[in-house]
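> There's a structure below that I have some questions on.
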Amino acid sequence: MGVRVVVHEGSRRSLVRRLLPVALAFAAVIAGLALLAPHLRDALGTAPGSPRSGAATHPLYYTGPVESRCALPADREADVTATLRALIPCLDRTWTAALAAAGYEYEPPEEVNLIDTPENAGCGTEDYDWAGIYCPDIHSVNVLVEDDWSFTSMFTLAHEYAHHVQEITGIAAQSGPEVFDEAWSRRLELQADCLAAVTLRGIDPQGLMVLRAHSVEDENAITQRQTHGSARNSAIWIHRGQDSGTIGACNTWAAPADEVS
Numbered sequence: 001m002g003v004r005v006v007v008h009e010g011s012r013r014s015l016v017r018r019l020l021p022v023a024l025a026f027a028a029v030i031a032g033l034a035l036l037a038p039h040l041r042d043a044l045g046t047a048p049g050s051p052r053s054g055a056a057t058h059p060l061y062y063t064g065p066v067e068s069r070c071a072l073p074a075d076r077e078a079d080v081t082a083t084l085r086a087l088i089p090c091l092d093r094t095w096t097a098a099l100a101a102a103g104y105e106y107e108p109p110e111e112v113n114l115i116d117t118p119e120n121a122g123c124g125t126e127d128y129d130w131a132g133i134y135c136p137d138i139h140s141v142n143v144l145v146e147d148d149w150s151f152t153s154m155f156t157l158a159h160e161y162a163h164h165v166q167e168i169t170g171i172a173a174q175s176g177p178e179v180f181d182e183a184w185s186r187r188l189e190l191q192a193d194c195l196a197a198v199t200l201r202g203i204d205p206q207g208l209m210v211l212r213a214h215s216v217e218d219e220n221a222i223t224q225r226q227t228h229g230s231a232r233n234s235a236i237w238i239h240r241g242q243d244s245g246t247i248g249a250c251n252t253w254a255a256p257a258d259e260v261s
């Protein structure tokens, strides 16, 4: 059974009003990719913990390059929602093959919600105020459709799909501390950035290059730095994913602390 795609339409509210569209788009993506961390903070508490070692030696890291191709609309900016709808089955096919190489059976998200009105569209009763969010309890991906630049929403969708993969393959569970830890959250989020680049490198390499090139060092714009990592480190992990095309290049769990800060 394929993934259920739901398009929520209404009066659009843009997350970011861009005077410098490309540069600020990167900041919006990184700042907006908050998914598992808020929910796990509530579940685990706030005392510091440490990631488990299982996530650093996961079988997925020992597979070869990930192949990703996708036939997207010729004019992606004309209808970003249509572009995302076309990207969804491509991500499913890509992850099906990638997980099979490591002996895993891929299961798509139960639902992908493409949203243009953020209010009341988060996980459960939590307000939706992010570019994207993954709800692990119900395997649901929610993405805010941004008209400013289609690749912003494409990267967000690929990032949330990466969180789904972390969930269904056990990486999230194997890495999870007994209590919420910001250092653990940064490794989780930066890995998702890297995995998103792995899956998009064959689909829109130019978009990834532009995203990296405009990773401005204005950390004031990155409101979730403590849980999502710095703009610089996000750009580094995106580069690793795009350059190598392998899941093994995205092993943030074995990286030194300064690479996941």
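Residue numbers for the sequence shown follow the UniProt record's numbering, beginning at 1 and rising by one.
Quick reminder that beta carbons are idealized off the backbone N, C-alpha and C, glycines included.
Since the model is a prediction, treat every value here as computed from it, not as a measurement.
1. If you draw a straight line from the alpha carbon of Val141 to that of Glu110, how long is it in whole angstroms?
2. Using the three-state DSSP reduction, which class does Leu72 fall into: helix, strand or coil?
3. Below 8 Å between beta carbons: does that hold for Ile247 and Leu211?
4. Applying the criterion that 16 or more other CB atoms from any shown protein chain within 10 Å of the CB defines a buried residue, is Thr57 buried or exposed?
5. Check for me: the beta strand (DSSP E) holding Cys135 runs from which residue to which?
6. Put Thr46 into one of helix, strand or coil per three-state DSSP.
7. With distances taken Cα to Cα, identify the nearest neighbour of Ala131 among His139, Gly54, Asn113.
8. Would you check if the distance between the CB atom of Thr63 and the CB atom of Ala101 is smaller than 8 Å?
9. Relative to the C-alpha of Cys123, which residue among Thr117, Asp116, Ala255, Asp137 is closest?
10. Write down the C-beta distance between Gly229 and Ser261 rounded to the nearest angstrom, noting that I regard them as a contact closer than 8 Å.
11. Restricting to Cα atoms, I'd like to know which of Leu91, Thr152, Tyr104 is closest to Pro59.
12. Verify whether the separation of the beta carbon atoms of Ile171 and Ala55 is less than 8 Å.
13. List in chain order: all unbroken beta strand (DSSP E) runs of 3+ residues lying wholly within the region 140-169.
14. Could you tell me the distance, in whole angstroms, from the CA atom of Asp79 to the CA atom of Val143?
15. Tell me which residue opens and which closes the beta strand (DSSP E) that Ile115 is part of.
16. Contact criterion: CB-CB distance below 8 Å. Does Trp184 meet it with respect to chain E?
17. Rounded to whole angstroms, what's the CA-CA distance from Ala97 to Thr227? Just pull it up for me.
18. Report the rounded CA-to-CA distance for Tyr106 versus His139, giving the unit in angstroms.
19. Quick check on this structure: which residue in Glu67, Ser153, Trp184, Trp149 has the alpha carbon closest to the alpha carbon of Asn251?
Taking the coordinates as given:
1. Going by the C-alpha atoms only, they are around 8 Å apart.
2. In the structure shown, Leu72 sits in coil (DSSP, three-state: anything other than H, G, I, E or B).
3. Going by C-beta atoms, Ile247 is not nearer than 8 Å to Leu211.
4. Around the beta-carbon of Thr57, fewer than 16 other beta-carbon atoms lie within 10 Å, marking it exposed.
5. Looking at the DSSP string, the run of the beta strand (DSSP E) that includes Cys135 is 132-135.
6. The predicted model places Thr46 with a pLDDT of 32, which falls under 50 and marks its position as unreliable, so this point remains unresolved.
7. Of the listed residues, the one whose Cα sits closest to Ala131 is Asn113.
8. In contact: Thr63 and Ala101 (Cβ atoms closer than 8 Å).
9. Of Thr117, Asp116, Ala255, Asp137, the residue nearest in Cα terms is Asp137.
10. Right, the Cβ-Cβ distance comes to about 7 Å (below 8 Å), so this counts as a contact.
11. It is Tyr104.
12. Cβ distance < 8 Å, so Ile171 and Ala55 count as in contact.
13. Segments of the beta strand (DSSP E) lying fully in the region 140-169: 140-144.
14. Their Cα atoms are separated by approximately 15 Å.
15. Element bounds for Ile115: 111-115.
16. Here chain E cannot be found, since the structure has a single protein chain.
17. If I take the Cα positions, the gap works out to 30 Å.
18. Roughly 13 Å separates the two Cα atoms.
19. Answer by Cα proximity: Trp184.
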